[in-house]
Amino acid sequence: MADKQAFFDHITEGYTTKGDSITLGAAMLDGETLTNAYVKVPLKTLNRHGLIAGATGTGKTKTLQVLAENLSDKGIPVLLMDMKGDLSGIAQPSPGHPKIDERHAQIGLPFEAKGFPVEILTLSEQNGVRLRATVSEFGPVLISRILDLSEAQSGVMSILFKYCDDNKLPLLDLKDLKKILQYASDEGKDEIEKAYGRISPATSGAILRKIVELEQQGGDLFFGEKSFDTDDLLRIDENGRGYINIVRLTDIQDRPKLFSTFMLCLLAEIYATFPEQGDSGRPELVIFIDEAHLIFKEASDALLDQIESIVKLIRSKGVGLYFVTQNPTDVPDAVLSQLGLKIQHALRAFTAKDRKAIKLTAENYPLSDYYKTDEVLTSLGIGEALVSALNEKGIPTPLAATMLRAPMSRMDILEDEELKDLLEGSKLIKEYNEEIDRDSAYEMLNKKIETANLKEAKEKAEKEKAEAQRSTTRRTTSRRRGKSTLEKVITSPTVIRSVLGILSKMLK
Ligand SMILES: Nc1ncnc2c1ncn2[C@@H]1O[C@H](COP(=O)(O)OP(=O)(O)OP(=O)(O)O)[C@@H](O)[C@H]1O
Ligand SMILES: [Mg+2]
C-alpha cells in the first residue's frame, strides 16, 4: 500500500509539466492501473523524436493514432506514413465500446469520440494528393546520394546539373536526367568536354543503370511536377486543429528503396524550407513512420548516413520524428540514441533469441525501483506500454508501465463512400493532381534536334533535286559521298550548340 502511494507520488511528480502536454494514459503497478497517475509528454520535448515498438498486435499503431489525434487537438499538424492503410479512420469519430469506457474509467479520463481533419496523400497513382518533386530541386549532391553514386559519378552529376543550369534546361523528371546523360556522351560530348571536362562513357553508363533501377521501383512517379510545397503539411483547420496528413503507402511495401528515397527527399526538403525554431515550446510538425524498418531495410550506407544526420538536424526546425516498428533493433543505433520518447509495447519471449532481445531492450530503459523491466516487457497487455519520455529539462521521466488511452477516432479504416467524400472535399487534390506537361530537358533537346534534322533534310532534298537536274544536263557522275550531310548535321556539335543557343535565348 505504502509502495503504491509512493509510486503514485513518484509518477505524478515525475510527469508534472509547466507548459502544455499530452496525456498518454495512467501508470500501472503490478498489473493494476493507478487512476489519475497520469503519464504525460510535454509538448516542449516532442521535437526530440521517439520510438514506438512492440510485438505484432500489441497496439503500436493505436498509440500512434492517440498521439496524432492529441497533437491535432493542440493545433499541431501531423504527417503519418501509413504502410498498412489502417489509419484513415482518424477522420471519423469512434463508435465507442464498453471496453473503451472501462479503460478510460481506470485511467481517470473522460472518453470523447471525435473525428479529425485529414488529408490523404499518395506517392503513386492511388487516390490522394500527389506528392512529387523535381530532380533539379534536389540538386546534384542529394540525387547522387539517392542513386548511391561513387565520387567520380557524383562529379559527373554535378557537371550535368551545371550544364543544364547554364543552358536553362529544366531537369524535372528522371526522363530528363537520362536524356542529358545520353546527350553528354553522344551529341553534346565535345561541347561539354570543352567547357566542363571529360565524361567517360563508362561513368555515364553506370549512372544510367542506377537511374533505371530507381525507375523500376516507381521513382518516375515521384519525380516531376507539380512539386509539393511542404508548407501545405502545416495546415490548421477552422477550429484550430492541426491537419493529420496521411500518406498512403500500401503499395510501397515491396519497394523499400523508393520509400527511403522518398523519406530522405521529404526530410531534406523540410529541413531546407522550414525556418529555424527558437524555443517555441511546441513542435511545428510531427512525423510518424509506421513499419519504419522499411526505410532502413536496403538503404545504402550513404543514404543511411544522410538520414541519420537529417534526423539530428531537423529537430532545430521544430520537427519531431517518430519511428514505429516491432523491434527496436530495426532502427540503426545512431538514430536510436537520439530518441527522447520511448513507448515499448509488449515483447513475446518464444525463443532464446527473443529472450536475449528482451534483456537488451530492457537495458535501454531507465532503471526503476518499482519494476523489473524485462518481466514487465513480457507481461504488458494490449494497449499497454512501458513509457520513458523527456521532461521539460530534457531529463528522462520515471519509467512507467502505462495503460494507454483509446483513440477518439475510429480504430478502423474509412468506408469507400467516406473516403470518396473526403477526397472530393480536398482543396489540395485540385491543386496538385492536375497533369502538367511542361517542356523540360528531354522534350526540348528532342524537339530541337528533330526540327534541325527536318530542316536539314528538307534543304538537303531540295539541294539534291537541284543538283540532280544540273548533273543530268552536265552529265556529272561523281555522286558518291562519305557520310551523308544529314548524318553529319545530326551529330555535328556546332548544330547541337546552336540548338541549345536558340533554346537558351528562348528561355531567357
Ligand atoms: N490504446 C488502445 N485502446 C484500445 N484498444 C487498443 C489500444 N491499443 C490497441 N488496441 C486494440 O488492439 C488492436 C491491435 O492494435 P494495433 O493495430 O495498434 O497493433 P500493432 O502493434 O500496430 O500491430 P501490427 O504489428 O500488426 O501492426 C486494436 O485493433 C485494438 O482493438
Ligand atoms: Mg500496426
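As numbered in our numbering, residues 79 to 586 make up the sequence shown, in order.
Note that beta-carbon positions come from the ideal geometry of N, C-alpha and C, so glycine has one too.
Run the CB neighbour count on residue i, radius 10 Å, all protein chains shown included, and call it buried at 16 or more, exposed below.
i: residue 428; result: exposed
i: residue 560; result: Since pLDDT at residue 560 reaches only 38, below the 50 mark, its modelled position is unreliable, and no value is offered.
i: residue 460; result: exposed
i: residue 195; result: buried
i: residue 87; result: exposed
i: residue 91; result: exposed
i: residue 290; result: exposed
i: residue 512; result: exposed
i: residue 351; result: exposed
i: residue 547; result: exposed
i: residue 84; result: exposed
i: residue 29; result: As displayed, the chain neither begins before 79 nor continues past 586, which places residue 29 out of reach and without an answer.
i: residue 176; result: exposed
i: residue 562; result: Confidence at residue 562 is low in this model, with a pLDDT of 35, below 50, so its placement is unreliable and no value can be given for it.
i: residue 372; result: buried
i: residue 555; result: Its pLDDT being 39, under 50, residue 555 is placed unreliably by the model, and nothing is read from it.
i: residue 532; result: exposed
i: residue 539; result: exposed
i: residue 173; result: exposed
i: residue 565; result: Caution is warranted here: a pLDDT of 36 is assigned to residue 565, below 50, making its placement in the model unreliable, and the coordinate value is therefore given only provisionally. Classification of residue 565: exposed, given that the 10 Å Cβ count is below 16.
i: residue 473; result: exposed
i: residue 148; result: buried
i: residue 276; result: exposed
i: residue 516; result: exposed
i: residue 278; result: exposed
Nearer than 8 Å: is that true of the beta carbon of residue i relative to any heavy atom of ligand 2?
i: residue 402; result: yes
i: residue 96; result: no
i: residue 369; result: yes
i: residue 164; result: yes
Does the separation of the CB atoms of residue i and residue j fall below 9 Å?
i: residue 185; j: residue 103; result: yes
i: residue 448; j: residue 392; result: no
i: residue 403; j: residue 370; result: yes
i: residue 129; j: residue 364; result: no
i: residue 312; j: residue 518; result: no
i: residue 408; j: residue 374; result: yes
i: residue 479; j: residue 201; result: no
i: residue 304; j: residue 510; result: yes
i: residue 300; j: residue 209; result: yes
i: residue 206; j: residue 507; result: yes
i: residue 421; j: residue 465; result: yes
i: residue 116; j: residue 139; result: no
i: residue 224; j: residue 308; result: no
i: residue 323; j: residue 197; result: yes
i: residue 152; j: residue 360; result: yes
i: residue 240; j: residue 274; result: yes
i: residue 120; j: residue 150; result: no
i: residue 444; j: residue 476; result: yes
i: residue 410; j: residue 382; result: yes
i: residue 109; j: residue 457; result: yes
Could you check whether the Cβ of residue i sits closer than 8 Å to any heavy atom belonging to ligand 3?
i: residue 222; result: No copy of ligand 3 appears in this structure; the ligands present are ligand 1 and ligand 2.
Taking only beta-carbon atoms, is residue i less than 9 Å away from chain C?
i: residue 84; result: Among the chains in the structure shown there is no chain C, since it carries only a single protein chain.
Please list, in chain order, all residues with a C-beta atom less than 5 Å from at least one heavy atom of ligand 1. Selection around ligand 1 by beta-carbon proximity, strictly under 5 Å to any non-hydrogen atom, yields 134, 135, 136, 137, 138, 139, 140, 460, 461, 482, 484 in chain order.
For the 8 Å Cβ check, are there 3 or more pairs between the region 119–127 and the region 381–398? Touching, yes, given that three or more Cβ pairs across the two stretches are closer than 8 Å.
At least 3 beta-carbon pairs within less than 8 Å: the region 480–495 vs the region 188–208: Touching, yes.
When you compare the region 496–512 with the region 469–484, are there three or more beta-carbon pairs, one atom per stretch, that lie closer than 8 Å? With a cut-off of 8 Å, the region 469–484 and the region 496–512 do not count as touching, because too few Cβ pairs lie within range.
Three or more C-beta pairs below 8 Å linking the region 157–165 and the region 327–334: The region 157–165 is in contact with the region 327–334.
Are the region 273–286 and the region 224–240 touching by the rule of at least three beta carbon pairs closer than 8 Å? Contact between the region 273–286 and the region 224–240 is present, because at least three Cβ pairs lie under 8 Å.
Okay, do the region 428–442 and the region 166–181 touch, 3+ Cβ pairs below 8 Å being the bar? The count of Cβ pairs closer than 8 Å, one atom from the region 428–442 and one from the region 166–181, stays below three, leaving the stretches out of contact.
Report yes or no: do three or more beta-carbon pairs, one from the region 207–215 and one from the region 244–255, lie closer than 8 Å? Yes: the two stretches touch, three or more of their Cβ pairs being nearer than 8 Å.
Cβ contact check for the region 405–415 and the region 139–155: 3 or more pairs under 8 Å: The answer is no - the region 139–155 does not touch the region 405–415, with fewer than three Cβ pairs under 8 Å.
Using 8 Å as the cut-off, can you tell me whether the region 329–338 makes contact with the region 294–301, which would need three or more C-beta pairs spanning the two stretches below that distance? Yes, the region 329–338 is in contact with the region 294–301.
Inspect the CB distances between the region 335–347 and the region 372–392 and report whether three or more fall short of 8 Å. Yes, since at least three Cβ pairs between the region 335–347 and the region 372–392 fall closer than 8 Å, the two stretches touch.
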